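This is the structure:
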């Protein structure tokens with residue numbers, strides 16, 4: 004009554020293989036020498052760019068109370084290597100009343116200012132080492 008047609012198609016795609024094989028060779032004496040030279044050059048560049056002219060840090064701070072928000076605005080000015088670094092942050096009024104928390108918060112912000120200053124100098128020295136402007 005009904006004619007049935009069974010049709011099967013066989014189609015396959017060819018697998019493309021990448022024949023690029025990378026051999027991991029042992030480093031040669033020249034490559035080790037060049038690597039050590041670049042490493043020493045980078046170390047010297049970092050040390051030269053981060054010299055500390057004065058062993059002391061001159062810092063000053065100013066506090067301003069904000070009555071509406073019950074916070075205290077702190078303004079820190081640090082003089083390091085004849086460069087002035089400033090930072091503005093807010094702290095809760097109750098942290099200011101607790102002298103230990105106030106001292107810890109101030110030390111953390113001063114340390115963060117100095118760290119950012121050193122990192123900025125490291126970035127500039129590494130860019131000049133590789134010729135990046």
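Numbering (the numbering used here), first residue to last: 4 to 136.
Just so you know, even glycine gets a beta-carbon here, dropped at the ideal spot from N, CA and C.
Here the structure is a predicted model, which means the values were calculated and not measured.
The segment 73-81 makes contact with the segment 92-107, as at least three CB pairs between them are under 8 Å.
For residue 21, there is no enclosing beta strand (DSSP E), as DSSP marks it with neither H nor E. At the C-beta level, residue 112 and residue 92 come within 8 Å of one another. Annotation for residue 116: 81, 88, 90 place their beta carbon closer than 6 Å to its own, counting only its chain and skipping 5 residues before and after. Annotation for residue 96: the continuous alpha helix (DSSP H) segment containing it runs 96-100. Here DSSP, grouped into helix, strand and coil, assigns residue 79 to strand. The three-state reading of DSSP puts residue 118 in helix, counting H, G and I together.
Between residue 14 and residue 21, the alpha-carbon positions lie close to 22 Å from each other. Look at residue 63 here: in three-state DSSP terms it is strand.
Nearest to residue 67 by C-alpha distance, out of 19, 34, 78, 12, is 78.
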